[in-house]
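Visitor: To start, I am sharing the structure in question, which I have written as structure tokens.
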Amino acid sequence: MSDACCAHDEPAHHEEAGPAGFWQVSEVRFASAAGVLLAVGWATHLMDGPEWLVTAVSVVALGLAGWTFVPSTLRRLAKGRIGVGTLMTIAAVGAVALGAIEEAAALAFLYAIAEALEEYSVARTRRGLRALLDLVPDQATVLRGGVPATVSPAELVPGDRMVVRPGERVATDGRILTGRTSVDTSALTGESVPVEVGPGSEVYAGSINGTGPLEVEVTSTAEDNSLAKIVHIVETEQSRKGPGQRLADAIASKLVPGILIAAALIVAYGFIVGEPLLWFERALVVLVAASPCALAISVPVTVVASVGAASRIGVLIKGGAAVETLGKIGTIALDKTGTLTRNNPAVIEVATSPGVTRERVMSLAAGLEARSEHPLARAILAATPEQAEVTQVDTVPGAGLFGTFEGARLRLGRPGWITPGPLAGDIERMQRAGATAVLIEQDGDVIGAVAVRDELRPEAREVITRLNRAGYTTAMLTGDNTLTATALAQAAGITQVHADLRPQDKAEIIRTLKEQRPTAMVGDGVNDAPALATADIGIAMGAMGTDVAIETADIALMGEDLQHLPQALGHARRTRSIMLQNVGVSLALIAVLIPLALFGILGLAAVVLVHEVAEILIIANGVRAGRIRRDTARPAAQPAPSLEPAA
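Residue 159 is where the sequence shown starts when you use this note's numbering, and the numbers rise one by one after that.
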């Protein structure tokens, strides 16, 4: 590790640990060997063994323990940088100069233990994260010239046709060409329910095929698939510092030079009063007592553990800054389509004017929407097998479409752009039922209205209830009309509704909410980009395989289960609480130990023991952030309340 736990800008030089990972961290081995030698020296002293043996054993122990931090300290000093390791090195050298070799060895040993535990905690978290890559199978079957061949996943290239048998893992990202099955993506998205897939569906590296054989077109290399991107982004973003970590670093960086100056003044005072040896010793004890190592590592260890743990349940957190800010959030703003709803709208009702059939209304609507990519268009096209041959189709942004059929002028669009006329009552009823209504007009006369509704996710009501109970303010932001938005919000349990919004309007609402409480925006990562960027924290929903969402969001929920949202928020709150505990205890420890050391109440050995034991406890507390609380008995999601109006 570094010159002190306080500087994490040099990479750790530990080996990747396997099953016996603790002993594969070099700092652990050196510290353990030093501890064994110190125990031998102590036992020899108790049995009145030769003093030269005790001294020799202590010197070797000092050398082994010092190897974990003295070389990096000297390298940093050569660059003009000082840190906690500098204090420890000076204190150890000073103790040797005073003839206290055993105390110097004990000091180096205990500091080495702290270094080793920090190294191990970081290594363990990163090993757990990189273990995701082990989800990729060792071999993959591809069709080369129509003949199956077994290759390494590293040899796969986009365009290959990969065969995935039942029970096998998918070797890299791809698109299903033939076959239908259910795919287990729990290791990637944290969702336990298998996903039904078929031709045209995307599948991701590490997913487990269910019962049906698949033929998949490879769309990504092994080095660039979704799984590899997740690991790379988390490892990179773990170093992003939040306010708490910057505060700890700032305090530590200013404290170390101050301690060195104070120690020099204490030594000078010793010469003034005529007791240089006594005050030199106290200066050394103060150096150790004031060491901010625990303070400096209190946040980084917590961040690394927390971010790594979240990634294992399908929550991608972009480093310490994001996890700290998420822990302070008070308001959750949610987009409607694709976040609170399934993003799978369907036609639920068709109203017609007198003398017009349902089939004619749907045929003309489908003809107008034939080339549109809008979700409502997909719902209308899926609801009818017939499409009128509408020509000269054009779009009026934010309003609707117009075109020509058999010489008649057609329009399809929202109420307001088209006057409902005799269908006004039907339109209001549709909207109160939570549906989006569009009108179809022929030569200036309204001939019908189509109601399309995107159903709430089955878990939406439960999630909103959990958020409200946890003290969060929830709000819905949508471009839909007020009646439809209000009906859906009531069904979900949301009381604050902002409707008829354009993307820039959503961003303005977020600015207003931020003035009241720290605010998170939950959306799809693309259409809601302005609002996501404006919020204190942008959370992308269902981001698995979506490059833009993964790269740009502060936090990405990789799966489609909204239950991950309160889970991520609770995890962040707990992480922030652990950070604050560690910083508080670290500062209190320094404040208590300095006067005790200065006035000679505690000697070198006692200060070393108290300080380093406290440091070990702080590391252990930080590692707790690596455990995800699943709120144990989370009830199964219940169907959302019906939006149909009461009879």
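The C-beta atom is built at its ideal place from N, Cα and C for all residues, glycine as well.
Which residue marks the beginning of the alpha helix (DSSP H) containing P306, and which one marks its end?
Guide: No alpha helix (DSSP H) holds P306; the beta strand (DSSP E) holding it covers V305 to V309.
Visitor: Taking C-alpha atoms, which residue in G332, F188, L423 and G485 lies nearest to R440?
Guide: Among G332, F188, L423 and G485, the Cα nearest to that of R440 is on L423.
Visitor: What number of angstroms, rounded off, separates the C-alpha of G637 from the C-alpha of P450?
Guide: Taking the straight line joining both Cα atoms gives about 52 Å.
Visitor: For E209, name the three-state secondary structure that DSSP assigns.
Guide: The answer is helix: DSSP assigns E209 an H, G or I state.
Visitor: Need the endpoints of the beta strand (DSSP E) that F560 sits in, please.
Guide: Note, F560: beta strand (DSSP E), G558 to F563.
Visitor: Mind the definition here: the region 468 to 475 touches the region 759 to 776 only if three or more C-beta pairs lie below 8 Å; say whether that holds.
Guide: Verdict: no, contact absent.
Visitor: Closer than 7 Å by C-beta to Y427: which residues in its own chain qualify, once you throw out the five before and the five after it? Chain order, please.
Guide: Once the five neighbours on either side are set aside, the close Cβ partners of Y427 are W437.
Visitor: With C-beta atoms as the reference, is G592 less than 8 Å away from L646?
Guide: Yes; because the gap between Cβ atoms is below 8 Å, this pair is in contact.
Visitor: Can you list, in chain order, the residues of its chain whose CB lies under 7 Å from that of A739, leaving out five sequence neighbours each side?
Guide: Ala is not the amino acid found at residue 739; the sequence shown has Gln there. The answer, listed in chain order, is N779.
Visitor: Do the region 735 to 754 and the region 506 to 519 touch if we need at least three Cβ pairs shorter than 8 Å?
Guide: The region 735 to 754 is not in contact with the region 506 to 519.
Visitor: Please name the residue or residues paired with H656 in a DSSP beta bridge.
Guide: Its beta-bridge partners are L635.
Visitor: Confirm, please, whether the CB-CB distance from L314 to T379 is below 8 Å.
Guide: Yes, they are a contact pair.
Visitor: Rank P512, N626, A687 and V741 by C-alpha distance to the C-alpha of L723 and give the top, closest one.
Guide: When each option's Cα is compared against that of L723, the closest is N626.
Visitor: With a Cβ-Cβ cutoff of 8 Å, do T226 and T244 count as a contact?
Guide: In this structure, T244 does not lie closer than 8 Å to T226 by Cβ.
Visitor: Rounded to a whole number of angstroms, what is the C-alpha to C-alpha distance between D712 and S184?
Guide: C-alpha separation (whole angstroms): 34 Å.
Visitor: Who are the Cβ neighbours of V376 in its own chain at under 7 Å, not counting the five residues just before and after it?
Guide: The residues are L314, V315, P316, G317, D318, M320, T330 and G332.
Visitor: Going straight from the alpha carbon of Y362 to that of L453, what length do you get?
Guide: Y362 and L453: Cα-Cα distance of roughly 41 Å.
Visitor: Please specify which runs of the alpha helix (DSSP H), each continuous and at least 4 residues long, are wholly inside the region 563 to 639, giving them in chain order.
Guide: Listed in chain order, the complete alpha helix (DSSP H) runs (minimum 4 residues) inside the region 563 to 639 are 582 to 590 and 618 to 627.
Visitor: With respect to the alpha helix (DSSP H) encompassing A197, which residues constitute its N-terminal and C-terminal limits?
Guide: Element bounds for A197: S184 to L204.
Visitor: Counting C-beta neighbours from all protein chains within 10 Å, is the total for V433 16 or more, i.e. buried, or is it exposed?
Guide: This sequence places Glu at residue 433; Val is not what is there. Exposed is the call here.
Visitor: For M327, list the residues DSSP reports as bridge partners.
Guide: A small fix is needed here, since residue 327 is Arg in this sequence, not Met. Per DSSP, I366.
Visitor: Is it buried or exposed, A236, if we count other Cβ atoms within 10 angstroms and call 16 or more buried?
Guide: Per the 10 Å Cβ criterion, exposed.
Visitor: Tell me which residues share the same chain as H665 and place their Cβ nearer than 7 Å to its Cβ, disregarding the 5 neighbours each side in the sequence.
Guide: A small fix is needed here, since residue 665 is Ala in this sequence, not His. Contacts found: P688, A689 and T692.
Visitor: Taking only three categories from DSSP, how would you classify E381?
Guide: Helix.
Visitor: Where do the ends of the beta strand (DSSP E) carrying V514 lie?
Guide: Segment: none, V514 is in no beta strand (DSSP E) and carries neither H nor E.
Visitor: Tell me where the alpha helix (DSSP H) around I487 begins and ends.
Guide: No alpha helix (DSSP H) contains I487, which DSSP labels as neither H nor E.
Visitor: Measuring only from the beta carbon, is P324 closer than 7 Å to any heavy atom that is part of the ligand SAM?
Guide: Looking at this structure, you won't find the ligand SAM or any other ligand, since it has none at all.
Visitor: Have a look at A730 and A714 and give me their C-alpha separation to the nearest angstrom.
Guide: Using only the alpha carbons, I get a separation of about 14 Å.
Visitor: Could you tell me how far apart the beta carbons of A557 and I538 are, in whole angstroms, since I believe they sit closer than 8 Å?
Guide: The Cβ separation is near 16 Å, so there is no contact.
Visitor: Can you tell me which of the three DSSP states L413 falls into?
Guide: Here L413 sits in helix by DSSP.
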